[in-house]
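Peer 1: One structure, pasted below without further comment.
There are 2 protein chains.
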Amino acid sequence: MKRVTMADVAKEAGVSKSTVSQYLNQRYEFMGEKTKKRIEEAIGKLGYQPNMVARSLKQKSSTTIGVIVANISHEFSTRIIQAIEAQFHQADYHVIVCNAEDKPEKEKKYIDMLLAKQVDGLIIFPTSTNVNVYNELNLQDFPLVFLDRSVPEVDVPTIMLDNKQAACLAVQELYQKGYEMLGILTNSTEYNVTPRVERIEGFKQACRKYGLPVQEKFIQGVALENMTEKIHSIMIGEDPPDALVAGNDLVLMEILTYARDHHLRIPEDLAIIGIDDISFASIYNPAITTIAQPVEKMGHKAATLLISKIAKQKQTQDEIVRFPATLISRSSC
Amino acid sequence: MKRVTMADVAKEAGVSKSTVSQYLNQRYEFMGEKTKKRIEEAIGKLGYQPNMVARSLKQKSSTTIGVIVANISHEFSTRIIQAIEAQFHQADYHVIVCNAEDKPEKEKKYIDMLLAKQVDGLIIFPTSTNVNVYNELNLQDFPLVFLDRSVPEVDVPTIMLDNKQAACLAVQELYQKGYEMLGILTNSTEYNVTPRVERIEGFKQACRKYGLPVQEKFIQGVALENMTEKIHSIMIGEDPPDALVAGNDLVLMEILTYARDHHLRIPEDLAIIGIDDISFASIYNPAITTIAQPVEKMGHKAATLLISKIAKQKQTQDEIVRFPATLISRSSC
DNA sequence: ATGAAAGCGCTAACAA
DNA sequence: TTGTTAGCGCTTTCAT
Chain V
1 MKRVTMADVA KEAGVSKSTV SQYLNQRYEF MGEKTKKRIE EAIGKLGYQP
51 NMVARSLKQK SSTTIGVIVA NISHEFSTRI IQAIEAQFHQ ADYHVIVCNA
101 EDKPEKEKKY IDMLLAKQVD GLIIFPTSTN VNVYNELNLQ DFPLVFLDRS
151 VPEVDVPTIM LDNKQAACLA VQELYQKGYE MLGILTNSTE YNVTPRVERI
201 EGFKQACRKY GLPVQEKFIQ GVALENMTEK IHSIMIGEDP PDALVAGNDL
251 VLMEILTYAR DHHLRIPEDL AIIGIDDISF ASIYNPAITT IAQPVEKMGH
301 KAATLLISKI AKQKQTQDEI VRFPATLISR SSC
Chain X
1 MKRVTMADVA KEAGVSKSTV SQYLNQRYEF MGEKTKKRIE EAIGKLGYQP
51 NMVARSLKQK SSTTIGVIVA NISHEFSTRI IQAIEAQFHQ ADYHVIVCNA
101 EDKPEKEKKY IDMLLAKQVD GLIIFPTSTN VNVYNELNLQ DFPLVFLDRS
151 VPEVDVPTIM LDNKQAACLA VQELYQKGYE MLGILTNSTE YNVTPRVERI
201 EGFKQACRKY GLPVQEKFIQ GVALENMTEK IHSIMIGEDP PDALVAGNDL
251 VLMEILTYAR DHHLRIPEDL AIIGIDDISF ASIYNPAITT IAQPVEKMGH
301 KAATLLISKI AKQKQTQDEI VRFPATLISR SSC
């Protein structure tokens with residue numbers, strides 16, 4: 001497994017390394033046709049492959065960026081990563097994806113590793129606890145973009161859903177369908193994760209707007225492990241809600257599982273709307289109404305934003321870009 | 001954004017670069033306590049972060065491996081990638097994931113890019129058309145492992161499902177539930193993609209074993225775009241099958257969508273078993289029986305195998321490791 | 001116990 | 001038009 005280097009090509013072609021380098025970097029301007037041809041042949045004959053590591057060392061750019069996702073198990077995460085990857089692939093960048101599993105220490109560790117690998121930029125779904133780390137990066141003018149969540153203390157361009165509007169859309173739909181006592185369930189709000197907090201807030205605002213009662217006991221941010229239990233306590237109480245908003249795909253699964261296990265008919269016994277349009281919502285029986293994030297657009301935007309930051313094109317950047325959610329109305333409510 | 005180098009640390013600590021390097025690589029043996037302390041302090045003070053690119057250039061190892069997945073849109077792909085990533089993370093490797101989108105040219109391009117980046121190894125879901133490329137890698141003793149699909153012409157360790165057994169399991173379950181006319185649908189078999197071909201083969205063998213009729217018209221490998229049409233032609237024909245095996249998750253979605261649109265009751269009008277246990281199968285109404293791949297085990301095995309290959313520990317390696325599928329029986333059939 | 005120096009494969013002035 | 005040379009930041013003999 002011996003690698004062919006530029007020197008080998010140079011020797012084979014009877015020219016110097018620099019000439020080969022010129023050739024590889026398309027600086028043909030002052031290059032003789034015959035030289036070009038000979039280098040071309042030498043490369044072909046030896047099966048030369050440039051060594052990006054050496055190139056990176058010199059150029060101080062790895063044409064690689066890192067994505068640190070808070071939790072890969074949401075369909076939203078994998079889908080937006082695909083969109084991001086597609087965009088960077090076009091720009092000839094590679095993407096290293098890291099899953100922080102909602103753990104700030106892991107996030108920190110990944111940031112360090114990625115920086116050590118000289119990535120040219122970072123897209124982070126921030127856990128909020130590493131504020132000093134983010135600020136440090138920012139101070140050094142390191143290309144950084146936040147996704148999905150915002151960190152008020154840090155001045156970094158952020159791509160996220162208009163969460164309040166999303167929750168509002170859900171409430172509106174339920175209101176219009178005639179439901180009167182709504183609830184919303186999200187993952188734990190312990191760490192003030194933006195989407196959860198904002199969706200709950202939007203939910204409340206919308207309820208007030210439509211004159212619906214706001215029952216705190218039906219508005220819960222609770223860890224997934226305890227979700228079933230929480231749902232149960234809500235549903236067996238006096239005057240249970242007639243409609244529930246699922247804060248994300250995983251919560252939706254919990255609710256559907258509960259509904260099935262307890263023979264709740266959807267939407268007769270309980271109407272459901274899920275925030276995040278997941279693949280099976282449309283084929284579920286009955287089809288589940290959802291609030292969709294414009295995932296591709298968001299991934300695309302995050303990627304192009306980072307690319308432009310890397311290119312130092314200090315183009316005017318809105319600090320936070322909020323994308324609108326759309327309602328995908330189906331039979332479940 | 002000025003990076004601190006080893007030279008800076010050396011100066012700050014009043015020692016030479018080599019000593020700092022020793023320190024970083026834990027070669028403390030002959031190092032004075034005071035020197036150690038001073039280097040430690042200098043690193044802390046300057047906030048030094050080693051440059052992995054420089055290190056990689058010297059060491060000829062990037063502590064990065066590449067995974068080229070044939071098609072990321074299968075839940076199987078994303079889940080097994082997670083398992084692989086988890087394993088490499090433990091070994092302090094980074095993983096670059098590339099999606100070949102079932103296109104051999106893209107696969108080839110990714111292989112070249114990853115090699116240029118000096119990845120230490122590759123896990124590939126092979127498209128079969130790049131046989132010469134695989135052989136070249138193999139010839140050079142480049143650490144390579146195949147996943148999900150085998151390539152007969154190439155002698156590379158391969159981790160895959162025991163596809164025949166999987167299909168057999170599906171048929172057995174349907175047979176035992178009393179179904180008599182079975183069919184199986186997979187993605188296009190045009191390129192002889194191992195799982196599709198083998199699942200069909202296993203299906204046929206099992207049907208014969210149980211004395212069930214083998215109707216070629218109910219055994220189809222067809223592109224996803226044309227799946228609905230194909231299902232329709234099968235179901236409206238004379239004596240349609242009373243049970244269908246879905247070759248993978250995407251096919252299952254197609255069948256379920258069709259069933260819903262045409263008001264086929266499951267399992268009364270049509271029983272269904274899906275190969276690949278996807279998250280929503282259990283909460284579907286009715287719950288869908290599936291054949292599960294031991295995804296985590298497979299990812300783990302692929303990763304450890306590659307790691308051991310990288311470590312040149314020429315441990316005895318079975319050329320192809322086939323993992324058994326398991327039946328997850330639910331109400332749908 | 002620590003330092004000097006060579007070199008990994010490439011790029012980019014600057015010479016020629 | 002092409003070659004010479006000096007690094008990029010690190011590791012690793014080999015001296016000292």
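Protein chains in written order, with full-length UniProt numbering: chain V, 1 to 333; chain X, 1 to 333. We treat Cβ as the ideally placed atom computed from N, Cα and C, and that holds for glycine.
What does the alpha-carbon distance come out to for the pair L161(V) and Y134(X)?
Peer 2: 43 Å
Peer 1: Kindly provide the ranges of any alpha helix (DSSP H) runs that are 4 or more residues long and lie completely inside the region 87 to 125 of chain V, ordered along the chain.
Peer 2: 104 to 116
Peer 1: Which whole runs of the beta strand (DSSP E) in the region 182 to 247 of chain X are 3 residues long or more, in chain order?
Peer 2: Within the region 182 to 247 of chain X, the complete beta strand (DSSP E) runs of at least 3 residues are 182 to 186, 219 to 221, 243 to 246.
Peer 1: How big is the Cα-Cα spacing for I273(X) and T257(V)?
Peer 2: 20 Å
Peer 1: Run the CB neighbour count on L185(X), radius 10 Å, all protein chains shown included, and call it buried at 16 or more, exposed below.
Peer 2: buried
Peer 1: On the criterion of 16 or more Cβ atoms from any shown chain inside 10 Å, does N51(X) qualify as buried, or is it exposed?
Peer 2: Counting Cβ neighbours within 10 Å, N51(X) comes out buried, since at least 16 surround it.
Peer 1: Could you give the uninterrupted runs of the beta strand (DSSP E) lying entirely in the region 288 to 314 of chain X, keeping only those of 3 residues or more?
Peer 2: 289 to 292, all fully within the region 288 to 314 of chain X.
Peer 1: D112(V) touches chain X at which residues, Cβ-Cβ below 8 Å?
Peer 2: Q49
Peer 1: Is S21(X) close to chain V? Criterion is C-beta to C-beta, closer than 9 Å.
Peer 2: no
Peer 1: Would Y284(V) pass as an interface residue toward chain X - the criterion being a Cβ-Cβ separation below 9 Å?
Peer 2: yes
Peer 1: Rounding to the nearest angstrom, what Cα-Cα distance links R144(V) and I266(V) in this structure?
Peer 2: Checking the displayed sequence, the identity of residue 144(V) turns out to be Leu instead of Arg. If you take the alpha carbons of L144(V) and I266(V), they lie about 43 Å apart.
Peer 1: Distance check for Q90(V) and A311(V), CA to CA, integer angstroms please.
Peer 2: 15 Å
Peer 1: Run through DSSP, which three-state label would T129(V) get?
Peer 2: Coil at T129(V), not helix or strand.
Peer 1: Assess, as a yes-or-no matter, whether the region 123 to 132 of chain X is touched by the region 101 to 109 of chain X under the definition of 3 or more beta carbon pairs within less than 8 Å.
Peer 2: yes
Peer 1: In the DSSP assignment, the beta strand (DSSP E) including T326(X) goes from what residue to what residue?
Peer 2: 326 to 328
Peer 1: What are the boundary residues of the alpha helix (DSSP H) that includes T19(X)?
Peer 2: 17 to 24
Peer 1: Drop a sphere of 10 angstroms on the beta-carbon of Y179(X), count the other beta-carbons inside from all chains shown, and report buried for 16 or more, exposed for fewer.
Peer 2: buried
Peer 1: Can you have a look at E225(V) and say buried or exposed, based on whether 16 or more other CB atoms are within 10 angstroms of its CB?
Peer 2: Around the beta carbon of E225(V), fewer than 16 other beta carbons lie within 10 angstroms, which makes this residue exposed.
Peer 1: Which residues does DSSP pair with L250(V) in a beta bridge?
Peer 2: DSSP lists no partner for L250(V).
Peer 1: Would you say Q313(V) lies against chain X (beta-carbon separation less than 9 Å)?
Peer 2: Note on Q313(V): pLDDT 42, under 50, position unreliable in the model; the coordinate value appears next. For Q313(V), the answer is no, since every Cβ of chain X falls outside 9 Å of its Cβ.
Peer 1: Please confirm whether M52(X) has its beta-carbon closer than 9 Å to some beta-carbon of chain V.
Peer 2: yes
Peer 1: I need the DSSP call for M31(V), collapsed to helix, strand or coil.
Peer 2: coil
Peer 1: Using the C-alpha atoms, what's the distance from A170(V) back to F203(V)?
Peer 2: 8 Å
Peer 1: Taking only beta carbons into account, state which residues of the region 245 to 263 of chain V come closer than 8 Å to chain X, listed in chain order.
Peer 2: M253, L256, T257, R260
Peer 1: From the beta carbon of Q87(V), is the nearest beta carbon of chain X less than 9 Å away?
Peer 2: no
Peer 1: Compile a chain-ordered list of the residues in the region 120 to 137 of chain X whose CB is closer than 7 Å to at least one CB of chain V.
Peer 2: none
Peer 1: Starting from A303(V), find everything on chain X with Cβ-Cβ shorter than 9 Å and list it in chain order.
Peer 2: Result: empty, since nearest Cβ-Cβ is about 15 Å, beyond 9 Å.
Peer 1: Please determine, among Q118(V), R208(V), E319(V), P195(V), the residue with the shortest C-alpha to C-alpha distance to S62(X).
Peer 2: Checked all of Q118(V), R208(V), E319(V), P195(V); the closest Cα to S62(X) is Q118(V).
Peer 1: Buried or exposed for E85(V), please, with buried defined as at least 16 other CB atoms from any protein chain shown within 10 angstroms of its CB.
Peer 2: Classification of E85(V): buried, given that the 10 Å Cβ count is 16 or more.
Peer 1: Does DSSP put I273(V) in a helix, a strand or coil?
Peer 2: strand
Peer 1: For the candidate residues V4(X), M235(X), A243(X), whose alpha-carbon lies nearest to that of L115(V)?
Peer 2: V4(X)
Peer 1: Would Q315(X) be called buried (16 or more neighbouring beta carbons within 10 Å of its own) or exposed?
Peer 2: Low confidence applies to Q315(X): its pLDDT is 43, below 50, so where it sits in the model is not reliable, and the reading given next is rough at best. It is exposed - the Cβ of Q315(X) has fewer than 16 other Cβ atoms within 10 Å.
Peer 1: I want to know whether the region 297 to 309 of chain X touches the region 42 to 58 of chain X - three or more CB-CB distances under 8 Å.
Peer 2: no
Peer 1: Closest to A292(V) by CA distance: which of N285(V), A281(V), K301(V) is it?
Peer 2: Looking from the CA of A292(V), the closest CA among N285(V), A281(V), K301(V) belongs to A281(V).
Peer 1: Tell me the residue span of the beta strand (DSSP E) that contains R322(V).
Peer 2: 320 to 323
Peer 1: Whole-angstrom Cβ separation of R199(X) and A166(X), contact assumed at under 8 Å?
Peer 2: 6 Å
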